Amino acid sequence: MTTYETKDSFNKPAKIISVIFHPLFMPVYALLIIFSAPALFGYLPIQVKKLLVLIILVNNVLLPLSLLPFFRHWNIISSWTIDSRRERVFPLAMTTILYSVTAFILYGFPIPVFLKSFILATCFVSLLVTIINFWWKISLHSAGAGALIAIVIILSFKMNSPLVWYLISSVIA
Numbered sequence: 020m021t022t023y024e025t026k027d028s029f030n031k032p033a034k035i036i037s038v039i040f041h042p043l044f045m046p047v048y049a050l051l052i053i054f055s056a057p058a059l060f061g062y063l064p065i066q067v068k069k070l071l072v073l074i075i076l077v078n079n080v081l082l083p084l085s086l087l088p089f090f091r092h093w094n095i096i097s098s099w100t101i102d103s104r105r106e107r108v109f110p111l112a113m114t115t116i117l118y119s120v121t122a123f124i125l126y127g128f129p130i131p132v133f134l135k136s137f138i139l140a141t142c143f144v145s146l147l148v149t150i151i152n153f154w155w156k157i158s159l160h161s162a163g164a165g166a167l168i169a170i171v172i173i174l175s176f177k178m179n180s181p182l183v184w185y186l187i188s189s190v191i192a
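Here the sequence shown stands for residues 20 to 192, numbered as in this note's numbering.
As C-alpha cells, this is what we get:
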C-alpha cells in the first residue's frame, strides 16, 4: 500500500465522521439528548418534541445547507468545506440569523424555559463564533462539541444525576 493509499484510507472515515458530527447537527443532537432525560421532559407530548426537532432541523440544518449552493454561485465561498476564515464570515452570519429566527419562533411556544434558554444559548454561541472568526479561524467542530458537552453537564446538575454515558458519547462526538 502506498503512502497516498494509506492517507486516503484515513481521510475517508475522517470525512464521514466530520459530516456526521458537523456543527450544524449539534443542536439537533443536543435536543435529542435533552428529550431523552425523562425526569425533566417526559411530560412533553411526543408531537411537541417532534415539532421542536423539525423546527430546529429545518431552520438550523436544512436552510443553512440549502444556502451553500447560492454562496458558491455568487463566489462568497470557493469550496464546500469553507476553509478560509474570510469566507466563513457570511455563512456564519446567516446561520446566526437563522438561529435568532428559531429562538424568536420558539419563544412563542408554551415550552419549558430550559428549552427556550437552550436555543437562545445556541444562538449566542453562534454569534460568538461569528465574532471570533473575524480575528481567528476557530474550530467550529470544537465549538459545537463543547456546547453539546455543556448541555450534558447542565442536565446532570438539573437531574442531580451523573449522565456519564451521555457525557462520554458527547466527548467522543
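Cβ atoms here follow ideal geometry from the backbone N, Cα and C, with glycine treated the same way. The structure displayed is predicted, hence computed values, not measured ones.
In chain order, what are the residue ranges of uninterrupted alpha helix (DSSP H) at least 4 long that sit wholly in the stretch 30 to 81? Secondary structure remark: continuous alpha helix (DSSP H) runs of at least 4 residues inside the stretch 30 to 81, in chain order: 45 to 54, 57 to 60, 65 to 76.
Report the rounded CA-to-CA distance for Leu73 versus Ser103, giving the unit in angstroms. Position 54 of the sequence shown, counted from the start, is the residue given in the question as residue 73. Position 84 of the sequence shown, counted from the start, is the residue given in the question as residue 103. Looking at the two C-alpha atoms, the distance is approximately 31 angstroms.
From Ser98 to Leu81, what does the alpha carbon distance come to, in whole angstroms? Position 79 of the sequence shown, counting from 1, holds the residue named residue 98. Position 62 of the sequence shown, counting from 1, holds the residue named residue 81. Annotation: Ser98 to Leu81 spans about 18 angstroms, alpha carbon to alpha carbon.
Nearest to Phe161 by alpha carbon, out of His41, Ala140, Pro83? Against the sequence shown, residue 161 aligns to sequence position 142. Residue 161 is actually Ser in this sequence, not Phe. Taking only the C-alpha atoms, the option nearest Ser161 is His41.
Grab the span of the alpha helix (DSSP H) containing Ile173 for me, first residue to last. Locating residue 173 in the sequence shown gives position 154, where the first residue counts as 1. Unbroken alpha helix (DSSP H) run through Ile173: 159 to 178.
Could you tell me the boundaries of the alpha helix (DSSP H) in which Pro110 lies? For this step, residue 110 is matched to residue 91 along the sequence shown. Segment 104 to 126, the alpha helix (DSSP H) holding Pro110.
Whole-angstrom distance between Met45 and Ile39, CA atom to CA atom: As a first step, residue 39 is located in the sequence shown; it is residue number 20 there, counting from the start. As a first step, residue 45 is located in the sequence shown; it is residue number 26 there, counting from the start. When only Cα atoms are considered, Ile39 and Met45 end up about 10 angstroms apart.
Between the stretch 57 to 76 and the stretch 115 to 132, do at least 3 Cβ pairs fall closer than 8 angstroms? Below 8 angstroms, enough C-beta pairs join the stretch 57 to 76 and the stretch 115 to 132 to call them touching: three or more.
Taking only three categories from DSSP, how would you classify Asn94? Position 75 of the sequence shown holds residue 94. Reduced to three states, the DSSP call for Asn94 is coil.
Assuming Lys135 is part of the alpha helix (DSSP H), what are its boundary residues? Within the sequence shown, residue 135 is the residue found at index 116, counting from 1. Per DSSP, the unbroken alpha helix (DSSP H) holding Lys135 starts and ends at 132 to 152.
Could you name the residues of the same chain whose beta carbon sits closer than 7 angstroms to that of Ala56, not counting the 5 residues immediately before and after it, in chain order? For the purposes of this step, residue 56 is identified with residue 37 of the sequence shown, where counting begins at 1. Beyond the five residues adjoining it in sequence on each side, Ala56 comes within less than 7 angstroms, by CB distance, of Leu174, Met178 in the same chain, given in chain order.
Roughly how many angstroms lie between the CA atoms of Gly165 and Lys156, to the nearest whole one? Locating residue 165 in the sequence shown gives position 146, where the first residue counts as 1. Locating residue 156 in the sequence shown gives position 137, where the first residue counts as 1. Going by the C-alpha atoms only, they are around 16 angstroms apart.
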